[in-house]
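Report on one structure; see the data block that follows.
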């Protein structure tokens, strides 16, 4: 689960992480009032969407994509009137960034933040290193840049430090990072406190990723989170109901939101072959074979071990909610669920959704022959396949 920048900063502040003062607003008039309330001579007016690259993005009229309204989704305002003007150009309009792709995101909220007197910009993030099973801090002197660019052009400017989540970030490890970043004097002391607090927040909140880019050193020697991005481990959200309440469904794919209601694992992709599979590994293999035969999968969809009629029907509806889908491949291994029961679910789902696109079904496992018999006797235009290769070949041919 992702959250907005202003929410991430509110959470980090609870752990003692220094963040600038700011207010989230939903109207241009409120942006003007926020500027006045902050009592600052300059503020940043920041679009709030779940994507990076906002500063370099472009704002378009959502009703006329050829109409460019403004360059940049983050603007510096020097008056209340200017803050109101920028907010008015952002709210309700489409922000297209490197991470949103051409579809962009409609800006529904703006964060008005007091300006900071910046001396240096640094980079900090924490992710889980799956190779060793530990969180790893990645720090760089190249703040404000994408870490991928830094890794490619200047890998020596990135320091990686692992820590045990049970023990927290040891003081010597925090000092090592601060030394690497070139912090001295008050900034060094502030930086060590900042790093320790961020590491604790990452662990306590069960984060999957926490990024502060840029992490800045102000002219008075304080280390501050000028931007913040946090994503959480969905499997741990049951422990953090307060964090789960921060979810903004406007920022999530409607099909993915609907899938969660039925406990389906769904991710929309860019292809045209819809996939309905049980088991993540089998789903990945299915997508690979579709590509092997020359087409792209439209989604990852794992119905899990208990593929009931209701789940299968919901899955079909979600897949067909993507207008790019031209055919569907069902690939089910009947282990816990028997193939004949799966076949009944598929037949019922096809009838309920009034399927208009080609459908190929490959069943394997318990009662597979009975399952195939039921599909054949259904009177529905369902193509059966015995192997995954055969199924992929048939579904690809159906849209060629």
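Residue numbers (our numbering): 6 to 405.
The beta carbon of each residue, even a glycine, is placed where N, CA and C say it ideally should be.
- Here residue 263 is near residue 323, since their CB atoms are less than 8 angstroms apart.
- Look at residue 257 here: in three-state DSSP terms it is coil, with no helix or strand label.
- Inter-residue distance for residue 277 and residue 146 is about 43 angstroms (C-alpha atoms, whole angstroms).
- Taking C-beta atoms as the reference points, residue 350 and residue 291 fail to come closer than 8 angstroms.
- Annotated three-state conformation of residue 321 is helix, per DSSP.
- Judged by DSSP secondary structure, residue 367 falls within the beta strand (DSSP E) whose first and last residues are 364 to 370.
- For the pair residue 275 and residue 194, the Cα-to-Cα distance works out to about 48 angstroms.
- Within the stretch 102 to 149, no run of alpha helix (DSSP H) at least 4 residues long lies entirely inside it.
- Rounded to the nearest whole angstrom, the CA to CA distance from residue 8 to residue 215 is 11 angstroms.
- Taken in chain order, the complete beta strand (DSSP E) segments of 3 residues or longer contained in the stretch 154 to 207 are 163 to 167.
- Under the three-state reduction of DSSP, residue 152 is assigned to helix.
- The beta carbon of residue 281 sits closer than 6 angstroms to those of 306, 320, 335, all from its chain and outside the five residues before and after it, given in chain order.
- Three or more beta-carbon pairs drawn from the stretch 75 to 92 and the stretch 59 to 66 are found closer than 8 angstroms, and the two stretches are therefore classed as touching.
- Residue environment for residue 11: buried (at least 16 other C-beta atoms within 10 angstroms of its C-beta).
- Each of 222, 14, 33, 102 was checked against the Cα of residue 82, and the nearest Cα belongs to 33.
- A residue is called buried when at least 16 other Cβ atoms come within 10 angstroms of its Cβ; residue 315 does not meet this threshold and is exposed.
- Setting aside the 5 residues that flank it on each side, residue 80 is surrounded in the same chain by 50, 91, each with a C-beta closer than 6 angstroms to its C-beta; the list follows chain order.
- Looking at the DSSP output, residue 216 shares a beta bridge with 130, 234.
- Annotated three-state conformation of residue 211 is coil, per DSSP.
- Closest by C-alpha distance to residue 100, out of 89, 87, 115, 88, is 115.
- Note that the stretch 365 to 379 does not touch the stretch 256 to 271; fewer than 3 beta-carbon pairs, one per stretch, sit closer than 8 angstroms.
- Per the C-alpha coordinates, the member of 289, 196, 178, 98 positioned closest to residue 23 is 196.
- In this structure residue 301 is exposed. Its beta-carbon is surrounded by fewer than 16 other beta-carbon atoms within 10 angstroms.
- As the crow flies, the alpha-carbon of residue 200 is around 53 angstroms from that of residue 364.
- The three-state secondary structure of residue 32, taken from DSSP, is coil.
- Taking residue 133 as reference, the option from 405, 159, 208, 389 with the minimal CA-CA separation is 208.
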